[in-house]
Amino acid sequence: MSADQEPERGNDNAAQAIEMLKAVVDGATYDAVAARFGVTRTAVERRIKAVAVRLSKTVGIEGLNTDGVAFVQRLRLHRESILVALAGFEPPAPFGPRQHRVVSSEEITQAALRIKARSARPWHDQSLFYMLFATGARPLEIARLEVRDYLGPDGSVRHASELRAEAAITGKPRPLFFTSTRLDDALAAYLCERIEQGLGLAESGDYRGLDPRSCLFLSPAGLGFAIKPYGEEGQRRYLCRPILEAYRKLFRHADLRDVTPLSARHTVAARLYERGADEEQVGLLLGINGRSAVRELFPKHRPAMSDLVRELV
Numbered sequence: 095m096s097a098d099q100e101p102e103r104g105n106d107n108a109a110q111a112i113e114m115l116k117a118v119v120d121g122a123t124y125d126a127v128a129a130r131f132g133v134t135r136t137a138v139e140r141r142i143k144a145v146a147v148r149l150s151k152t153v154g155i156e157g158l159n160t161d162g163v164a165f166v167q168r169l170r171l172h173r174e175s176i177l178v179a180l181a182g183f184e185p186p187a188p189f190g191p192r193q194h195r196v197v198s199s200e201e202i203t204q205a206a207l208r209i210k211a212r213s214a215r216p217w218h219d220q221s222l223f224y225m226l227f228a229t230g231a232r233p234l235e236i237a238r239l240e241v242r243d244y245l246g247p248d249g250s251v252r253h254a255s256e257l258r259a260e261a262a263i264t265g266k267p268r269p270l271f272f273t274s275t276r277l278d279d280a281l282a283a284y285l286c287e288r289i290e291q292g293l294g295l296a297e298s299g300d301y302r303g304l305d306p307r308s309c310l311f312l313s314p315a316g317l318g319f320a321i322k323p324y325g326e327e328g329q330r331r332y333l334c335r336p337i338l339e340a341y342r343k344l345f346r347h348a349d350l351r352d353v354t355p356l357s358a359r360h361t362v363a364a365r366l367y368e369r370g371a372d373e374e375q376v377g378l379l380l381g382i383n384g385r386s387a388v389r390e391l392f393p394k395h396r397p398a399m400s401d402l403v404r405e406l407v
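Counting with the numbering used here, you get residues 95 to 407 for the letters of the sequence shown.
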């Protein structure tokens, strides 16, 4: 795509977001709209909230304030007001993907040093920090990791492992690679601490003496991160507030502004693209199904034309 085509694509995204909002207020589910437009459920939710917020702020919707746009029930309750507002709505800017910060290697190095200096559990916290950037796993998935996911029975690191179906947010297994020396060094020190403190031990000497089914990351009391279900009955939705708070604390220790676990996944995707990975490989590692969904959630960086043509000869 040329630079001249980018605004057109932005307009297409805006029009698509508006059509998604109309479909949802007409009663369609996020999943049905996602299937119709060939994107993920998360992308649908994000887009309709974005356009509804802009509607509320720039046009005004009778009976609907900005705080209410996040709730589908309220959107449907104010269906007529939303459709009237849309009739005269001109998007002020393209509804493209939100830009997420990509963290440089130098920043990660300095951040880990700050965490080590400021944390009460430096090896545990460094390992937790590195895990995000070394695997691209989501915080909830990291909270579900067990010793057996990282170690083999002989105590060696499972460099080519697998994120179990029950641990993956999608409910489907996918490759999980532990090939970071920094992560391995931090985890080796942390697991030694666990053994010294008697946390999650096994009777046998396998898995370095650790219980293979114990959580990889434990609190000083020997407990894993608490995970709670939410949503309607039958939905596979879970929330782990403790690990989200742990990461917020780590980013503060690291002096990393505007960085979130999602930033780490974007950083991983950017590194993979730099090394020649295609959308299928990025999606496989990050647990995103479909090339179009990967392009939507983790778009490739497009250098400016002026940078591409500089000093060609």
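Glycine is no exception: its CB is placed at the ideal position from the N, C-alpha and C atoms.
Exercise for review: Please name the residue, chosen from ARG252, ALA262, LYS343, that lies closest to ASN383 on a Cα-to-Cα basis.
Suggested key: ALA262
Exercise for review: Would you list, in sequence order, the uninterrupted alpha helix (DSSP H) runs of no fewer than 4 residues that lie entirely inside the stretch 239-275?
Suggested key: 241-244
**Study point:** Cβ-based burial, THR361 [other Cβ within 10 Å; buried from 16]
**Key:** buried
Check your understanding: Of all Cβ atoms in chain B, is any one closer than 8 Å to the Cβ of GLU373?
Key -> This model lacks chain B altogether, as it is built from one protein chain only.
Point to revise | For ARG232, the nearest candidate out of THR264, PRO323, GLU201 (CA to CA) | key: THR264
Review point. Where SER175 and ALA126 are concerned, what is the direct C-alpha to C-alpha distance, given to the nearest angstrom?
Key: 23 Å
Review point. When DSSP labels each residue in this structure, what does PRO323 get in the three-state scheme?
Key: strand
Exercise for review: Sort out for me which residues DSSP pairs CYS309 with in a bridge.
Suggested key: GLU240
Exercise for review: May I ask you to report which of helix, strand or coil DSSP gives LEU350?
Suggested key: coil
Review point. Just to confirm, are CYS334 and ALA320 a CB contact at a threshold of 8 Å?
Key: yes
Exercise for review: Just mark GLN220 as buried or exposed, buried being the case when its beta carbon has 16 or more other beta carbons within 10 Å.
Suggested key: buried
Practice item. Compute the Euclidean distance between the alpha carbons of SER298 and LEU222, then round it to the nearest angstrom. Key: 26 Å
Review point. Sorted by chain position, which residues of the same chain lie with C-beta nearer than 7 Å to GLU373's C-beta, five sequence neighbours on each side aside?
Key: ARG385, VAL388, ARG389
Exercise for review: Grab me the residues of VAL196's own chain with a C-beta within less than 7 Å of its C-beta, minus the 5 sequence neighbours each way, in chain order.
Suggested key: HIS360, THR361, ALA364
**Study point:** For TYR332: DSSP bridge partner residues
**Key:** PRO323
Practice item. Evaluate GLY370 with the Cβ neighbour count: other Cβ atoms within 10 Å of its Cβ, from every protein chain shown; 16 or more gives buried, anything less gives exposed. Key: exposed
**Study point:** Cβ shell of SER96 (< 6 Å), same chain only, five flanking positions each side left out
**Key:** Confidence at SER96 is low in this model, with a pLDDT of 30, below 50, so its placement is unreliable and the value that follows should be read with caution. Excluding positions up to five away in sequence, the list is empty.
Point to revise | Terminal residues of the alpha helix (DSSP H) in which GLU405 lies | key: Run containing GLU405: none; DSSP gives neither H nor E here.
Practice item. Measure the alpha-carbon distance for ALA358 versus HIS395 and round it to whole angstroms. Key: 15 Å
Exercise for review: Taking LYS210 as the reference, give the member of LEU245, HIS347, ALA144, LEU317 with the closest Cα.
Suggested key: HIS347
Practice item. State the Cα-Cα distance for the pair ILE236 and ARG135, rounded to the nearest angstrom. Key: 22 Å
Point to revise | Close Cβ partners of VAL166 (< 7 Å) along its chain, the five nearest in sequence each way excluded | key: VAL118
Point to revise | Distance between beta carbons of LEU180 and ILE112, contact taken as under 8 Å | key: 6 Å
Check your understanding: Using the rule of at least 16 other Cβ atoms within 10 Å of the residue's Cβ for burial, across every protein chain shown, is ALA280 buried or exposed?
Key -> buried
Point to revise | Exposed unless 16 or more other CB atoms sit within 10 angstroms - verdict on GLY132 | key: exposed
Practice item. Could you round the C-beta distance between TYR301 and ARG242 to whole angstroms and report it? I think they count as a contact, below 8 Å. Key: 7 Å
Point to revise | With 16 other Cβ atoms within 10 Å as the buried cut-off, status of LEU379 | key: buried
Check your understanding: Is the stretch 278-294 touching the stretch 204-218 in the sense that three or more CB pairs, one from each, lie closer than 8 Å?
Key -> yes
Check your understanding: Alpha carbon to alpha carbon, how far is GLN110 from HIS194?
Key -> 22 Å
Exercise for review: With distances taken Cα to Cα, identify the nearest neighbour of PRO397 among GLU368, GLY381, GLN375, GLU260.
Suggested key: GLU368
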